[in-house]
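Residues 9 to 280, numbered by the numbering used here, are exactly what the sequence shown covers, in order. For glycine and all other residues, C-beta sits at the position ideal for the given N, C-alpha and C. Since the structure is predicted, the reported quantities are computational estimates derived from the model, not experimental observations. Please read the structure below before turning to the comments.
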Amino acid sequence: MSADKDCQTKSEVDLCIFKDIFRRADKNDDGAISWTEFVSYFSDGIVTDDGMRNLFNEIDSHNTNNIDTHELCIYFTERLGSHEPVFESAGSLCRAVSASVKSLAETHARKPPAAQFVDRFLLREMCAHLEAQLQVARLQRLLDRLESRTALVTGRTRIEEAVLDEDEAMILIVRRRLAVQEEQLASFLSAVRKYSSQLEGVTSCLLLSIRQYRSTGSVTLYEFWESLGSWRKFLPSPVSRDLRRALVDCTDAPESTDTMLMPSSWWKNMDH
């Protein structure tokens with residue numbers, strides 16, 4: 009069975025977006041998600057180790073101690089429920105974007121300057137529109153250049169552009185925004201101090217920064233991690249779970265968590 013047909017587990021739904029999920033989870037690109045890869049990618053810090061193992065075994069319907077593309081698609085598409093139209097639209101969008109990028113790669117160099125300008129303009133506008141819809145930080149503004157590296161200085165602003173031969177290592181920034189109950193603030197800060205102390209023994213956590221805002225009573229934690237995988241591996245740990253349990257008792261609403269990747273070279277050049 010082909011990979012596309014694997015993703016097409018329902019006749020009315022073509023969810024090849026799950027193929028991309030599979031590729032990201034399959035770290036060693038061997039065509040199967042192992043238990044270690046499964047925990048690293050899918051763990052959310054809430055489900056216990058036993059719960060994750062049960063979930064892994066349930067998805068592994070062939071009992072091979074690995075999860076293949078077909079098993080992953082079958083499991084999630086059968087449980088989409090009200091999310092089905094959203095994922096169907098996302099799958100259609102992914103295919104449309106892929107087709108557009110492929111066509112651009114094949115024809116852009118042969119087009120006259122005016123047509124090349126239109127291509128770049130439309131791509132920028134498409135990215136801006138998608139980013140606005142997703143409400144993500146607009147950080148991806150670099151355009152390919154013939155030079156491998158260019159640095160421009162305009163007034164006080166330094167603009168760095170780089171074209172790299174391969175993917176570079178990325179660190180992860182996690183922002184956790186919390187609405188703390190006023191009467192529970194002391195207990196909350198005690199839990200956070202304990203968490204901070206325990207993180208000192210976690211080498212993959214590069215930095216923890218705590219911001220308390222008196223005007224709103226909110227608290228924001230900024231965590232810097234060596235990689236996305238190291239953070240996901242940390243989430244099921246007792247240290248992470250203890251803080252989550254404390255947050256349930258001290259906050260008015262579930263925490264809001266945002267993540268962002270940034271080049272590790274930036275971190276190395278920072279004063280910290």
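Helix, strand or coil: how does DSSP classify E234 here? coil
For T267, which beta-bridge partners are listed by DSSP? V182
When you compare the stretch 187–202 with the stretch 230–245, are there three or more beta-carbon pairs, one atom per stretch, that lie closer than 8 Å? Segment contact: the stretch 187–202 against the stretch 230–245, fewer than three CB-CB distances shorter than 8 Å; contact not assigned.
Determine which residues share a DSSP beta bridge with C213 and list them. W233
If you pair each beta-carbon of the stretch 61–78 with each one of the stretch 253–272, do three or more pairs fall below 8 Å? Contact fails between the stretch 61–78 and the stretch 253–272, because fewer than three Cβ pairs, one in each stretch, are under 8 Å apart.
Beta carbon of Q192, beta carbon of D257: below 8 Å? yes
Looking only at its chain, what residues have a beta carbon closer than 6 Å to the beta carbon of D76, apart from the 5 residues adjacent to it on each side? A40
Within the stretch 23–75, note down every full beta strand (DSSP E) run reaching 3 residues or more, in order along the chain. Taking only runs of at least 3 residues, no beta strand (DSSP E) segment lies wholly in the stretch 23–75.
Let me know the secondary structure DSSP gives A261 once reduced to three states. coil
With DSSP run on the structure shown, which of helix, strand or coil describes Q206? In this structure, Q206 counts as helix in the three-state DSSP scheme.
Would you mind working out which of S100, N73 and L130 sits nearest F26, comparing C-alpha positions? S100
Taking 8 Å as the threshold (C-beta atoms), are P244 and D58 in contact? For D58 and P244, no; Cβs fall outside 8 Å.
Taking DSSP as the reference, what is the three-state secondary structure of S273? S273: helix per DSSP, three-state reduction.
Below 8 Å on the Cβ atoms is my contact criterion, and I expect S272 with E176 to pass it. Report the Cβ-Cβ distance as a whole number of Å. That belief holds up - the Cβ atoms of S272 and E176 are roughly 7 Å apart, short of 8 Å.
Beta-ladder partner(s) of Y83, from DSSP: Paired residues: none, contrary to the question.
Confirm, please, whether the CB-CB distance from S42 to G281 is below 8 Å. Limits of the chain in this structure are 9 at one end and 280 at the other, which puts residue 281 out of reach.
Taking the alpha-carbon positions, what's the R222 to K202 distance? 21 Å
Where the alpha helix (DSSP H) through G225 begins and ends: That residue, G225, is in no alpha helix (DSSP H); it is neither H nor E in DSSP.
Compare the beta carbon distance of W239 and V182 with 8 Å and say whether it is the shorter of the two. yes
For Q189, the three-state DSSP class (helix, strand or coil): In this structure, Q189 counts as coil in the three-state DSSP scheme.
Just the C-alpha distance for P246 and I29, rounded to the nearest angstrom, thanks. 27 Å
Specify, as a first and last residue, the run of the alpha helix (DSSP H) that R103 falls within. For R103, the uninterrupted alpha helix (DSSP H) segment begins and ends at E92 to T115.
Determine the burial state of A261: buried for a count of at least 16 other Cβ atoms within 10 Å of its Cβ, exposed for fewer. exposed
Same chain, Cβ closer than 8 Å to S248, five either side skipped, listed in chain order: G53 and F242
Alpha carbon of F95 to alpha carbon of V109, nearest angstrom: One C-alpha to the other measures close to 21 Å.
Please name the residue in V105, V55, N74 and H70 whose C-alpha comes closest to that of E45. With distances taken between Cα atoms, E45 lies closest to N74.
Residues bridged to R128 by DSSP? Answer is none; R128 lacks a bridge partner.
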